[in-house]
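Protein chains in written order, with this note's numbering: chain Y, 1213 to 1416; chain B, 139 to 549.
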Amino acid sequence: MSDAAATPPPATGAAPDAGPRDAVTAAAARLLAAKVPGAVVEAVETGRHPSLTIAADKLVAAARVLHDDPELAMDCCHLVSAVDWPAKTPADGPGAIEVVYHLVSYARKQGAAYRRSAVKNDGFLVLRVRVPRDKPEVPSVMGVWVGADWHEREMWDLMGVKFTGRASLRRILLPEDWPGHPLRKDWAYPVEYHGIPIIPPEGR
Amino acid sequence: MSHEPVPSVPHVPGVVAPKAPPVVDASDLARALEERSMGQALRTEELVVNMGPQHPSTHGVLRVVIKTDGEVVTALQPHIGNLHRCVEKIGESLPYYQWLPYVDRMDYLAAINNEHGACIAIERLAGIVVPERAEYIRVILAEVQRVASHIFAMGVYGLDIGAITPFLHTFRERERGLDLLDHVAGGRLLYHVVRIGGVKRDLSPEWIDECHAFLDAVEERLPEYNTLLLDNHIFQERTCNIGVIPRELAVGWGVTGPALRASGVDWDTRRDAPYGIYDRFQFEVPVAHSGVAGVVGDCFHRHWVRFKETEQAIRIARQALRDLPPGEIQAKLPKTLKPPKGEAYVRVENPRGELAYYMVADGTDKAWRIRCRGPSFSNIGVMTDVARGALVADLVALMGSLDIVLGEVDR
Chain Y
1213 MSDAAATPPP
1223 ATGAAPDAGP
1233 RDAVTAAAAR
1243 LLAAKVPGAV
1253 VEAVETGRHP
1263 SLTIAADKLV
1273 AAARVLHDDP
1283 ELAMDCCHLV
1293 SAVDWPAKTP
1303 ADGPGAIEVV
1313 YHLVSYARKQ
1323 GAAYRRSAVK
1333 NDGFLVLRVR
1343 VPRDKPEVPS
1353 VMGVWVGADW
1363 HEREMWDLMG
1373 VKFTGRASLR
1383 RILLPEDWPG
1393 HPLRKDWAYP
1403 VEYHGIPIIP
1413 PEGR
Chain B
139 MSHEPVPSVP
149 HVPGVVAPKA
159 PPVVDASDLA
169 RALEERSMGQ
179 ALRTEELVVN
189 MGPQHPSTHG
199 VLRVVIKTDG
209 EVVTALQPHI
219 GNLHRCVEKI
229 GESLPYYQWL
239 PYVDRMDYLA
249 AINNEHGACI
259 AIERLAGIVV
269 PERAEYIRVI
279 LAEVQRVASH
289 IFAMGVYGLD
299 IGAITPFLHT
309 FRERERGLDL
319 LDHVAGGRLL
329 YHVVRIGGVK
339 RDLSPEWIDE
349 CHAFLDAVEE
359 RLPEYNTLLL
369 DNHIFQERTC
379 NIGVIPRELA
389 VGWGVTGPAL
399 RASGVDWDTR
409 RDAPYGIYDR
419 FQFEVPVAHS
429 GVAGVVGDCF
439 HRHWVRFKET
449 EQAIRIARQA
459 LRDLPPGEIQ
469 AKLPKTLKPP
479 KGEAYVRVEN
489 PRGELAYYMV
499 ADGTDKAWRI
509 RCRGPSFSNI
519 GVMTDVARGA
529 LVADLVALMG
539 SLDIVLGEVD
549 R
């Protein structure tokens, strides 16, 4: 399955098609350029998938700035997810894992002004962190958004992303002795687990 | 006069009768109580207790490991995953059409709302336009489901904290709501009626009449539930000022839905980031404010928000029934759905909070990656911070008020 249709890593967000500029993403890019130089690796501010790609080592500093800024006030980390992008051929390197953060602000958007405005997009700010597949280490943002705790544990459990700088990183959904991380594209179904036979979907 | 006391236990050679327990002197008891009130004596050892996974108040198979000092919880760690079946992995190995029945099984008390969100995400990926009538039918079904889910939650919350009667009352109306959905979809809890590009079945005029009757019945019964719960002194004693989730904690943990509004955050996705056709309806978003009873963010307010939301759900459903236009209920779709490369992040307001789907399409008939954000998953995380220092019995009240469904926590 892994060789079927893997897209090269940088192309997650489809083609940067034209369209209105996303105000939240643009403001966040400006803020980060001023406060945390070098944090934004790539900024897509228009089109259907506006997002900021952040350097892994600057992630916590960038998250802190976005959280504390009175204008943006990204007070909630809605979801932490990860996408596996294995390389098409071994010559392309190890491939990448993309950790995606969807941030949202309740402090900024709950005013009446937002409700009256005509534009009612979902208002998410999307951060992406791309790390090599063979060494997927991302600093934890648990210190900024406490809710990221369980999401990070789930991404470790199912995708094998190692979040560093947090007290413990245990599996959350699977048993502690489960082999591997099932959402990796090259994960193979084990033959059995403690004597329970496991039949992969192809064999059913 | 003195004589030998008659032994109550007959003498058996080799067996010694147990000694009678020492009689507690009244003054001893008074002293012990006094010392206890000064916090000096009767300290107990810390004990680690497993609550669940088969505890009736854990709503399924949640296992909470609690450290207790007597009746006080000093630390708590929820352990989840007993129902895990990796819906996301299944979604990557099945075509979009075939994955839809699986989302019903995540939050099995709000299957229509799950389908609604999943269909919107896939439609956004593929650029499908849903016919008007189908949009209205989706809203009607989603709100009937919300009413059924909320009155269920109100009833079992009473059961959690010791009131059995309201449970029986709310189940009477809930079954009527489930029968309605059954008549449309052919299933009691798991429907698979909202499909990509529309809905499976149309609503008949008889169904619409029956739906009106159901909404009227629930509206009429709501004050009755309140007599039993919200206005009940015992209920208020059990829930007011208990399990208070402050606003900052709720936002930081990503708590959503009634629990978030009970903490005083004025946010409802249906109004503030509308999906489908929710921007066409008039409804209010109940937000907890001080002045009802207890403090904002406590168990009482979570129940109160749920009750108020039921009224608003009835209001939305009536408007949708009134405005229901004639026409098609299903968009024309290819036999094999292949959305172009791209991604979508869609959140919908479920009865328990915001359910979100993050989907990445790679141009084939299967999704490259599907990630589901279950509202209960984030809502029970907050428990670790809130329950510290609470009584064990209050922990049950807190857990019940969050209204978790383990099927969606574990996915």
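A virtual CB, placed ideally from N, CA and C, is assigned to each residue, including glycine.
Rounded C-alpha distance that separates residue i from residue j
| i | j | result |
| --- | --- | --- |
| residue 1229(Y) | residue 481(B) | Only weak support is given to the placement of residue 1229(Y): the predicted model assigns it a pLDDT of 49, under 50, and the value that follows is read from those uncertain coordinates. Taking the straight line joining both Cα atoms gives about 14 Å. |
| residue 1288(Y) | residue 1317(Y) | 6 Å |
| residue 547(B) | residue 513(B) | 8 Å |
| residue 165(B) | residue 312(B) | 56 Å |
| residue 559(B) | residue 428(B) | Missing from the structure shown is residue 559(B); chain B here goes from 139 to 549 and no further. |
| residue 465(B) | residue 277(B) | 16 Å |
| residue 534(B) | residue 389(B) | 22 Å |
| residue 1291(Y) | residue 169(B) | 55 Å |
| residue 1387(Y) | residue 215(B) | 16 Å |
| residue 1404(Y) | residue 1384(Y) | 21 Å |
| residue 235(B) | residue 471(B) | 11 Å |
| residue 1324(Y) | residue 409(B) | Annotation note: pLDDT 47 at residue 1324(Y) (below 50); position unreliable, no value reported. |
| residue 386(B) | residue 405(B) | 14 Å |
| residue 1270(Y) | residue 1249(Y) | 9 Å |
CB of residue i within 7 Å of CB of residue j, strictly
| i | j | result |
| --- | --- | --- |
| residue 345(B) | residue 519(B) | no |
| residue 286(B) | residue 324(B) | no |
| residue 366(B) | residue 249(B) | no |
| residue 1296(Y) | residue 1397(Y) | yes |
| residue 272(B) | residue 337(B) | yes |
| residue 252(B) | residue 241(B) | yes |
| residue 308(B) | residue 289(B) | yes |
| residue 226(B) | residue 467(B) | no |
| residue 423(B) | residue 255(B) | no |
| residue 381(B) | residue 524(B) | yes |
| residue 1277(Y) | residue 1247(Y) | yes |
| residue 426(B) | residue 402(B) | yes |
| residue 516(B) | residue 1359(Y) | yes |
| residue 1345(Y) | residue 1306(Y) | yes |
| residue 1377(Y) | residue 1409(Y) | no |
| residue 1294(Y) | residue 1309(Y) | yes |
| residue 330(B) | residue 233(B) | no |
| residue 358(B) | residue 452(B) | no |
Classification of residue i by the beta-carbon crowding that lies within 10 angstroms, buried from 16 upward
| i | result |
| --- | --- |
| residue 492(B) | buried |
| residue 1394(Y) | buried |
| residue 1311(Y) | buried |
| residue 444(B) | buried |
| residue 1380(Y) | exposed |
| residue 473(B) | exposed |
| residue 1347(Y) | exposed |
| residue 1330(Y) | In this predicted model, residue 1330(Y) has a pLDDT of only 44, less than 50, meaning its place in the structure is not dependable; the value taken from the coordinates is given anyway. Exposed. |
| residue 347(B) | exposed |
| residue 1262(Y) | buried |
| residue 532(B) | buried |
| residue 185(B) | exposed |
| residue 478(B) | exposed |
Bridge partners - residue i, DSSP secondary structure assignment
| i | result |
| --- | --- |
| residue 484(B) | 495(B) |
| residue 207(B) | 184(B), 210(B) |
| residue 1375(Y) | 1350(Y) |
| residue 1315(Y) | 1289(Y), 1337(Y) |
| residue 1296(Y) | 1309(Y) |
| residue 511(B) | 494(B) |
| residue 1409(Y) | 1404(Y) |
| residue 217(B) | 201(B) |
| residue 342(B) | Note: residue 342(B) sits in no beta bridge, so no partner. |
| residue 1255(Y) | 1264(Y) |
| residue 233(B) | 504(B) |
Please identify, using Cβ separations under 7 Å, the residues of the segment 333-352 of chain B that lie next to chain Y, in order along the chain. Flagged: no residues at all.
Just by C-beta distance, which residues in the segment 473-500 of chain B are closer than 7 Å to chain Y? Cβ contacts with chain Y come from 479, 480, 481, 483, 485, 494, 496, 498, 500.
Between the segment 1259-1272 of chain Y and chain B, which residues of the former have a C-beta closer than 9 Å to a C-beta of the latter? Per Cβ criterion, the list reads 1260, 1261.
Mind listing which residues of the segment 398-427 of chain B have their C-beta closer than 9 Å to chain Y's C-betas, in chain order? Cβ contacts with chain Y: 398, 403, 404, 405, 407, 409, 410, 411, 412, 413, 417.
Between the segment 224-252 of chain B and chain Y, which residues of the former have CB atoms less than 7 Å from a CB of the latter, in chain order? Correct list: 224, 226, 227, 231.
Along the segment 1372-1402 of chain Y, what residues have a CB closer than 9 Å to any CB found in chain B? Cβ contacts with chain B: 1383, 1384, 1385, 1386, 1387, 1394, 1395, 1397, 1399.
Below 7 Å between beta carbons is the criterion; list the residues of the segment 362-391 of chain B that meet it against any residue of chain Y, in chain order. Cβ contacts with chain Y come from 389, 390, 391.
Quick one: which residues of the segment 1346-1360 of chain Y get their C-beta closer than 7 Å to a C-beta of chain B? List them in chain order. From the segment 1346-1360 of chain Y, only 1357, 1358, 1359 have a Cβ closer than 7 Å to chain B.
Which residues, in order along the segment 205-218 of chain B, keep a beta-carbon less than 7 Å from a beta-carbon of chain Y? Look at the segment 205-218 of chain B: the residues with a C-beta under 7 Å from a C-beta of chain Y are 218.
Chain Y contacts from the segment 535-549 of chain B (Cβ-Cβ distance under 7 Å): When C-beta distances to chain Y are compared with 7 Å, the residues of the segment 535-549 of chain B below that value are 548, in chain order.
Taking only beta carbons into account, state which residues of the segment 1335-1346 of chain Y come closer than 7 Å to chain B, listed in chain order. Listed by position along the chain: 1335, 1336.
Near-chain Y residues of the segment 512-535 of chain B (beta-carbon distance less than 7 Å), N- to C-terminal order: Contacts with chain Y (Cβ-Cβ distance below 7 Å) from the segment 512-535 of chain B involve 515, 516, 519, listed in chain order.
Listed from N- to C-terminal order along the chain, which residues in the segment 286-319 of chain B have their beta-carbon within a distance smaller than 9 Å of any beta-carbon of chain Y? Taken residue by residue, none of the segment 286-319 of chain B has a beta-carbon sitting less than 9 Å from a beta-carbon on chain Y.
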